[in-house]
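Going down the list, the protein sequences come from chains G and Z.
Be aware that the first sequence starts at 0, since it is given in numbering that gives the first Met the number 0, and climbs by one per residue.
Be aware that the second sequence starts at 0, since it is given in numbering that gives the first Met the number 0, and climbs by one per residue.
C-beta: ideal position from N, C-alpha, C; glycine also.
Below is one structure, written out as structure tokens, with a few remarks after it.
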Amino acid sequence: MRGMRWAIALRDAAAIVAGCALVALVFNAVRGDGIPLVQKEEYQILVPCPETMGDATALAPDAPALRSPRALVVDARPAAEFERWHTASALNVPYDYLEPTPPAVIQRIAASGAAEVIVYGDGADPDSGEQLARELSGKGIRNVSYVTGGAAALQKGAPSGGQP
Amino acid sequence: MRRLLEWRGHAWLALAARVYLSWVFLYACWHKIVHPEMFAVDVATYQILPLELINLMAIILPWIELAAGIMLLIGWRTRAAALLISGMMVMFVVAISIALHKGLDMSCGCFASQGAAEDPISWRTIVRDSGWLLLALYALLLDRIPIGIDGWLAQRRVRAATSNQGVT
Numbered sequence: 000m001r002g003m004r005w006a007i008a009l010r011d012a013a014a015i016v017a018g019c020a021l022v023a024l025v026f027n028a029v030r031g032d033g034i035p036l037v038q039k040e041e042y043q044i045l046v047p048c049p050e051t052m053g054d055a056t057a058l059a060p061d062a063p064a065l066r067s068p069r070a071l072v073v074d075a076r077p078a079a080e081f082e083r084w085h086t087a088s089a090l091n092v093p094y095d096y097l098e099p100t101p102p103a104v105i106q107r108i109a110a111s112g113a114a115e116v117i118v119y120g121d122g123a124d125p126d127s128g129e130q131l132a133r134e135l136s137g138k139g140i141r142n143v144s145y146v147t148g149g150a151a152a153l154q155k156g157a158p159s160g161g162q163p
Numbered sequence: 000m001r002r003l004l005e006w007r008g009h010a011w012l013a014l015a016a017r018v019y020l021s022w023v024f025l026y027a028c029w030h031k032i033v034h035p036e037m038f039a040v041d042v043a044t045y046q047i048l049p050l051e052l053i054n055l056m057a058i059i060l061p062w063i064e065l066a067a068g069i070m071l072l073i074g075w076r077t078r079a080a081a082l083l084i085s086g087m088m089v090m091f092v093v094a095i096s097i098a099l100h101k102g103l104d105m106s107c108g109c110f111a112s113q114g115a116a117e118d119p120i121s122w123r124t125i126v127r128d129s130g131w132l133l134l135a136l137y138a139l140l141l142d143r144i145p146i147g148i149d150g151w152l153a154q155r156r157v158r159a160a161t162s163n164q165g166v167t
């Protein structure tokens, strides 16, 4: 008797799901603003922020967070400098003071699944790393920090001089 | 134990739980049905489903919420509705747990689409959803003769059986 009750509940639940799926698909097909059944392009899942520049935390060059496997390290320097030296597994996102970072790059960083994003730049004044970090933060990336002193400070601290 | 399970008060307590859950689900489904494109973005933000399934989920799930909410409210096929709501709550709790584990800073998308700053997911969201799951399980497991259409139909069947016995 008890098993039969469960079987009836399961059968009814399956029927409800099937009925709802049918109604939902028909409703979506006939409404003017229905969405495609299969999405072709990736959704922009960043939360838009009204301010272009957000907050970013300053990080010492020897901070343990830099070695965390859950951190994404971003090198804000031009590609040529990145080729000469960069930290292991760093992603090169050259910072341009005039052009905003392409949305595809920000999308890639957001989709990386990293718990935090650590940016280092040229260490100049202003520091390209800090600028990029603040831009990323302003565009919805969370837990962004930058390395004070940039690549130069990291190279000084690196025991083997870093990785090319 | 058996006396506890057969206590008649369960029907009334479950009715309160059902009305509350119905309100939650009817309120939750409305915005999703009206704006499936926003709900699809909410689903995508979890980064769990493959891209091909996101829109299907965004189109169908709110209608299941609507049907389950109405059925729970009027007490028709109550166990099936409670089963569906329990299943959805388990799914939501798992999805939010995964998002928290990934460190995603986002809104749960449970009701109207909100930004992460307005309604961020947290362990409190999981506790809230777990509470709703317990209410649904209570209705599923202990509401044997639900007040509503199911209860009325059950009474009719009993009356018909009694009158048949009287005739024979």
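Considering only G:D74, G:F81, G:A28, the residue with the shortest C-alpha distance to A132 of chain G is G:D74. As the crow flies, the alpha-carbon of A78 of chain G is around 36 Å from that of I53 of chain Z. By the Cβ rule, the stretch 123-132 of chain Z counts as touching the stretch 81-89 of chain Z, because three or more pairs are nearer than 8 Å. Scanning chain Z for C-beta atoms nearer than 9 Å to the C-beta of G112 of chain G yields Q46, K101, G102, L103, reported in chain order. With respect to the C-alpha of L50 of chain Z, the residue from G:I44, G:G112, G:A55, G:D124 having the closest C-alpha is G:I44. Membership of S111 of chain G in any alpha helix (DSSP H) is not indicated, and neither H nor E is assigned to it by DSSP.
Taking a Cβ-Cβ cut-off of 7 Å, the neighbours of D11 of chain G in chain Z comprise R76, A79, given in sequence order.
Each of G:L65, G:Y96, G:G112, G:R141 was checked against the Cα of A152 of chain G, and the nearest Cα belongs to G:L65.
Taking 9 Å as the cut-off, the Cβ atoms of A150 of chain G and E82 of chain G do not count as close. The beta carbon of F110 of chain Z lies closer than 6 Å to those of A27 in the same chain, with the five residues before and after it left out.
Around V104 of chain G, the same chain offers V92 as residues with beta carbons nearer than 8 Å, after the five sequence neighbours per side are excluded. Using a Cβ distance threshold of 9 Å, D41 of chain Z and G102 of chain Z do not count as a contacting pair.
Bounds of any alpha helix (DSSP H) do not take in V37 of chain G, whose DSSP letter is neither H nor E. Each of Z:L139, Z:A57, Z:I47 was checked against the Cα of L83 of chain Z, and the nearest Cα belongs to Z:L139. Contacts between P35 of chain G and chain Z, judged by CB atoms closer than 7 Å, involve N54 in chain order.
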